[in-house]
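Down below is the structure, laid out as structure tokens.
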Amino acid sequence: MTVQEVRTRLAPSPTGDPHVGTAYQALFGYVWARKNNGSFILRIEDTDRERSKPEYEKSIIDSLRWLGLEWDEGPETGGQFGPYRQSERLDIYQEHINRLVAEGYAYPCFCTKERLAELRKECQKSGAGSGYDRKCRNISPEEATGRIEAGENFVVRMKVPLEGKCVFEDLLRGKIEKDWESIDDQVIMKADGYPTYHLAVVVDDHLMKISHIIRGEEWINSVPKHVLLYQYFGWEPPVYCHLPLLRNKDKSKLSKRKNPVSIEWYRKNGILPEALLNFIGMLGWHLSDDKEKFSVEEMIENFRLEDISLGGPVFDPDKLLWLNGKYIRENFKTEQLLDRLVEWGLNRDHFKKILEISKGRMNALSDWGEMTSHFFCGKVPLTAEGLLMKDMSHTQTCEILQIVLWELEGIQSFCKERIYESFKKVADKLDIKMKHLTQPFYVAMSGKKVSTPLFDTMEILGSDMSRMRIRYAMNELGGLSKKAMKKLEKRYQEEFSNN
Ligand code: GLU
């Protein structure tokens, strides 16, 4: 018997700033591949045409490189199973979709968006079913071809069994069963001709000869659909290993509302890649009871997939900071640490961006240090008095900070133009002068009432750092009670929704 090569993959969608969850999946996939002298593959899943952006792909690649998790095959690297960007594989998906339709495992569906929305509403009301009533499943192939040729819009859905159970294995959880009844006839090709995630992921994992799928627990519910596609194609599914969900300290699912979650934020905050990897490695796995500090090499040497524990791993930034401190103190000579500092922020590129927005107020070169210190720290010194808005109470100021925070959370590409638009929207809706609205934000970002231009400053600090500083400012002002927060959220949804 030939032993199958271990091939793992990371399959991020370039739809946002790279998340620590991406680093978590990447590390475990990377370590497992290296442990077995196998291959680690990077595949960019950019089939969501609206949300996928080349700049996100770039930041994913930069973050992975910064972490040192090099891949053997990938978009620019190439490899024998490419291309590794899904938008460049459309012919391959089309061929596979056609095959499923021809063999009776999938069918075109002509239902309109309005009809589907109506069905969804009914289901929500009655609490029964999950959405689609399979109306088009019984249309004859001849009728379907006729309608397609006549130019009608359609998607393609896979046929999901009407009864029985799907049974599959997860390496960490054993047998998992799910009733087919609870699963809709999934869309596998969208109206724009692009495949959906479910189809593309199965076709690619098979054609790229992936042996182990190591990814987050949130994908477990998708496995039945995938297993069914493997069956329809007559392929053997890979080994599934779903990593336990990362959690906030209060055990809720890790979210950017409670913790910074972008890799970039930790990098900007001065966390070292080796400390971040060590910390992520400890989430769900440990080297030994008394050794918390370990390198990726040590992890590779000792790692076994079955040793991953399912107890909800807590992503605790304080612990990460503690570990990072140990690395700084124990792993570097002064010269080496200096190199890291230069790489981090004491370099020409970063200085230039900052100088561009600060030189207008400089009288002597020595002004620069004090004037720009907020670009080189995590927290800035704050006082509640400094943050208070004109004629407003602590709570009212907090509410306004929170509203802006929600607006900023919705920004996809965190540039000064978009940041300005968010502030402008809040100023208009709340009927506050921009000058007054921005005042506490100057303080939140820099600790000073007069500082570098706000929107440029926020762009340079980045989304997570800016949002974190707003949160620190809210804390300083006393924060909002749970009840007040709920009430405000309701008001925000009513008054600020774009509809
Ligand atoms: N593209 C999916 C994501 O964004 C990949 C899920 C998977 O690993 O199968 O995470």
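The letter at position 445 of the sequence shown is residue 464 when you use the working numbering, and the numbering goes up by one with no holes.
Glycine included, C-beta positions come from ideal geometry on N, C-alpha and C.
Quick caveat, the model's predicted, so the values are computed rather than measured.
On a CA-only basis, which of the options is nearest residue i? Give me that one, please.
{"i": "F460", "options": "I299, D450, M487 and K448", "result": "M487"}
{"i": "E404", "options": "E283, N494 and A45", "result": "N494"}
{"i": "V25", "options": "I232, C130 and Y112", "result": "I232"}
{"i": "N267", "options": "K209, V445, M227 and D335", "result": "D335"}
{"i": "E107", "options": "S432, C130, Y75 and A219", "result": "A219"}
{"i": "R70", "options": "F100, G40, T34 and A52", "result": "T34"}
{"i": "D198", "options": "R192, M208, K184 and C434", "result": "K184"}
{"i": "N321", "options": "V333, M301, E188 and G330", "result": "M301"}
{"i": "E74", "options": "P37, L109, G98 and Q99", "result": "P37"}
{"i": "Q105", "options": "Y216, P243 and K270", "result": "Y216"}
{"i": "A169", "options": "F129, E137 and K194", "result": "F129"}
{"i": "M177", "options": "D65, N117 and V39", "result": "N117"}
{"i": "R156", "options": "L449, Q113, R68 and V120", "result": "V120"}
{"i": "N278", "options": "T471, V469, V333 and E293", "result": "V333"}
{"i": "K338", "options": "L365, I299, V361 and L374", "result": "I299"}
{"i": "W425", "options": "P400, L374, L507 and E354", "result": "L507"}
{"i": "E255", "options": "L226, S241 and K272", "result": "L226"}
{"i": "D475", "options": "L374, N366 and V399", "result": "L374"}
Classify residue i as buried or exposed, calling it buried when 16 or more other Cβ atoms lie within 10 Å of its own Cβ.
{"i": "R348", "result": "exposed"}
{"i": "E418", "result": "buried"}
{"i": "D224", "result": "buried"}
{"i": "G497", "result": "exposed"}
{"i": "R380", "result": "exposed"}
{"i": "Q421", "result": "buried"}
{"i": "N343", "result": "buried"}
{"i": "T27", "result": "buried"}
{"i": "T131", "result": "exposed"}
{"i": "S516", "result": "exposed"}
{"i": "E478", "result": "buried"}
{"i": "W304", "result": "buried"}
{"i": "W51", "result": "buried"}
{"i": "G212", "result": "exposed"}
{"i": "G40", "result": "buried"}
{"i": "R53", "result": "buried"}
{"i": "P160", "result": "exposed"}
{"i": "I79", "result": "buried"}
{"i": "L281", "result": "One detail in the question is off: residue 281 reads as Ser in this sequence, not Leu. With 16 or more other Cβ atoms within 10 Å, it is buried."}
{"i": "A42", "result": "buried"}
{"i": "A3", "result": "Lying outside 20 to 518, the shown extent of the chain, residue 3 is not represented and no answer is given."}
{"i": "T391", "result": "buried"}
Let's see if you can read the secondary structure: which residues bound the alpha helix (DSSP H) around residue i?
{"i": "M493", "result": "S482 to E495"}
{"i": "A45", "result": "V39 to K54"}
{"i": "H217", "result": "Y216 to L226"}
{"i": "L406", "result": "A403 to L406"}
{"i": "H261", "result": "Note, H261: premise wrong, no alpha helix (DSSP H); beta strand (DSSP E) at V258 to L262."}
{"i": "Y251", "result": "V242 to F252"}
Along the chain, where does the beta strand (DSSP E) containing residue i start, and where does it finish?
{"i": "T27", "result": "R26 to L29"}
{"i": "G193", "result": "G193 to D198"}
{"i": "G235", "result": "H231 to G235"}
{"i": "D189", "result": "K184 to D189"}
{"i": "M208", "result": "V206 to M208"}
{"i": "L61", "result": "S58 to L61"}
{"i": "M177", "result": "V174 to M177"}
{"i": "A446", "result": "Unbroken run through A446 is the alpha helix (DSSP H), K435 to L449; no beta strand (DSSP E)."}
{"i": "A125", "result": "A125 to C128"}
Assuming residue i contacts residue j under a Cβ cut-off of 8 Å, what Cβ separation, rounded to an integer in Å, is found between them?
{"i": "I60", "j": "D91", "result": "7 Å"}
{"i": "L324", "j": "L190", "result": "6 Å"}
{"i": "R234", "j": "L262", "result": "7 Å"}
{"i": "V186", "j": "P127", "result": "Going by Cβ atoms, the distance from V186 to P127 rounds to 30 Å, so no, they are not a contact pair."}
{"i": "V179", "j": "L247", "result": "7 Å"}
{"i": "S82", "j": "E311", "result": "The pair is not a contact, with the Cβ atoms about 24 Å apart (cut-off 8 Å)."}
{"i": "S485", "j": "I430", "result": "Not a contact, Cβ separation roughly 10 Å."}
{"i": "E237", "j": "L264", "result": "7 Å"}
{"i": "N288", "j": "G397", "result": "5 Å"}
{"i": "R188", "j": "Y259", "result": "With the sequence shown as reference, residue 188 is identified as Glu, and Arg is not the correct amino acid for it. Right, the Cβ-Cβ distance comes to about 7 Å (below 8 Å), so this counts as a contact."}
{"i": "V469", "j": "V445", "result": "Between V445 and V469 the Cβ distance is about 22 Å, and since that is not below 8 Å, they are no contact."}
For residue i, collect the residues of the same chain with a Cβ closer than 8 Å to its Cβ; drop the 5 residues on either side in sequence, then sort them by chain order.
{"i": "M20", "result": "Its pLDDT being 46, under 50, M20 is placed unreliably in this model, and the value from its coordinates should be taken loosely. If we look at M20 and ignore the five residues flanking it on each side, it has no Cβ neighbours."}
{"i": "T457", "result": "F442 and L473"}
{"i": "N518", "result": "Note that N518 scores 48 on pLDDT, short of 50, meaning its location in the model is unreliable and no value can be drawn from it."}
{"i": "S500", "result": "none"}
{"i": "K72", "result": "P33, T34, Q431 and S432"}
Excluding sequence positions up to five away, which residues of its chain have a Cβ less than 7 Å from the Cβ of residue i?
{"i": "L296", "result": "L46, L86 and V315"}
{"i": "Q44", "result": "L29, I233, R234, G235 and L262"}
{"i": "L406", "result": "T416, P459, V462, A463, A492, E495 and L496"}
{"i": "E18", "result": "Residue 18 lies beyond the residue range present for the chain, which begins at 20 and ends at 518; the question has no answer from this structure."}
{"i": "Y511", "result": "I422 and W425"}
{"i": "N55", "result": "V25"}
Keeping to the same chain, check which residues put their C-beta closer than 6 Å to that of residue i; ignore five residues upstream and five downstream.
{"i": "H245", "result": "V221"}
{"i": "S230", "result": "Q23, V25, R26 and P257"}
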